[in-house]
Amino acid sequence: MPGKTKISILGCGWYGSALGKALVADGMQVKGSTTSAAKLSDLATMGIEPYIVNFSPGEEIYNADFFDCDALWIAIPPKSRSGEGAVFIEKVKGIINVIKQFAIQNVVFISSTGVYADSNQHVNEETDPQPNTEAGRVLFEAENLFRTENSFKTTIIRFAGLIGPGRNPGRFFAGKKAIPNGDAPVNLIHLDDCIGISKAILAKKAFGYLFNGCSPTHPLKSDFYTQAALDSGFEKPEFIKELKEWKIVESVNVGLILGYQYQVLLQ
Numbered sequence: 005m006p007g008k009t010k011i012s013i014l015g016c017g018w019y020g021s022a023l024g025k026a027l028v029a030d031g032m033q034v035k036g037s038t039t040s041a042a043k044l045s046d047l048a049t050m051g052i053e054p055y056i057v058n059f060s061p062g063e064e065i066y067n068a069d070f071f072d073c074d075a076l077w078i079a080i081p082p083k084s085r086s087g088e089g090a091v092f093i094e095k096v097k098g099i100i101n102v103i104k105q106f107a108i109q110n111v112v113f114i115s116s117t118g119v120y121a122d123s124n125q126h127v128n129e130e131t132d133p134q135p136n137t138e139a140g141r142v143l144f145e146a147e148n149l150f151r152t153e154n155s156f157k158t159t160i161i162r163f164a165g166l167i168g169p170g171r172n173p174g175r176f177f178a179g180k181k182a183i184p185n186g187d188a189p190v191n192l193i194h195l196d197d198c199i200g201i202s203k204a205i206l207a208k209k210a211f212g213y214l215f216n217g218c219s220p221t222h223p224l225k226s227d228f229y230t231q232a233a234l235d236s237g238f239e240k241p242e243f244i245k246e247l248k249e250w251k252i253v254e255s256v257n258v259g260l261i262l263g264y265q266y267q268v269l270l271q
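Quick note on this note's numbering: the sequence shown kicks off at 5 and runs consecutively.
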């Protein structure tokens, strides 16, 4: 790719804006989108070229310049709690149409390990997810829309629970009592590793793959969140010592294809 690598990030939320800032620091030209005019100046301050982009049905707004890129990152999670499932799928279909319209060749779609059911087993990229939550079903349907396209290559990253700046796990259960499933293993990933995996995909030009992004260590829920709360000076949570539904998310491809080593291991 001659000249500066051009990356467009559709959805500059917690992860997307951090990724954009990191890629700018690496000397790339980064364009970032938001649906809020109030956030445009924040993106510009990070060195990200800001755009208003919206794919909500009936409210579509986008600029052709935003889609002039070497790779498009899509980081717009469905708002499952507000019942956005069907609307999210329509958004994804609209995005795919625009990708084809502007002949973008390389796409990264951010999904979630929530597509895997808590089926009391270890899961990896070769496991049939069989999602059993609304958010999981919607994301898996969106993944399949990208997976069946052959006019461009899509890499799908399934991130585990996100922790890092502004998402202190010590706050998650601080002071709560009788929290169920205390002996379940946790599946989390730190923002540093979200960015690290993303940069490795660019460096390796690893488009057309599936990656689980999850720390390879899986302490018990009670142990991890109790220590996180104490480390941050919050009230100690109390868990029920029991093991109900669980899963351990592993990745075959992060090491095999990217050769990536995790920076933050859960204790």
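We put the beta carbon where it would ideally sit given N, CA and C, even for glycine. Keep in mind the model is a prediction, meaning the values are calculated, not measured.
Comparing alpha carbon positions, the residue from 162, 111, 94, 238 closest to residue 135 is 162.
Taken through DSSP and simplified to helix, strand or coil, residue 136 comes out as coil.
Restricting attention to 236, 148, 159, 123, the CA atom closest to the CA of residue 173 is found in 236. In terms of CA proximity to residue 57, 68 leads the group 68, 250, 219, 45.
With fewer than three CB-CB distances shorter than 8 Å, the region 95-109 does not count as touching the region 163-172. Of all alpha-carbon atoms in 23, 31, 17, the one lying nearest the alpha-carbon of residue 38 is that of 17.
DSSP, reduced to helix, strand and coil, places residue 53 within a strand of the structure shown. Looking at the DSSP output, residue 252 shares a beta bridge with 126. Taking 9 Å as the cut-off, the beta carbon of residue 116 is found closer than this to the beta carbon of residue 143. In this structure residue 24 does not touch residue 8 by the C-beta definition: roughly 14 Å separates them, more than the 8 Å allowed. 21 is the residue among 21, 206, 66, 65 whose C-alpha sits nearest the C-alpha of residue 45. Secondary-structure assignment with DSSP links residue 33 through a beta bridge to 10. In this structure, residue 264 and residue 201 form a Cβ contact; the two beta carbons are roughly 6 Å apart against a cut-off of 8 Å. In the DSSP annotation of this structure, the continuous segment of the beta strand (DSSP E) that includes residue 157 starts and ends at 157-163. Nearest Cα to residue 209 within the set 182, 131, 76, 226: 76. Scanning 187, 73, 47, 95 for the CA closest to the CA of residue 244 turns up 187.
Per the coordinates, the alpha-carbon of residue 231 lies some 34 Å from the alpha-carbon of residue 112.
A Cβ-Cβ separation of about 26 Å leaves residue 52 out of contact with residue 91 under the 8 Å criterion.
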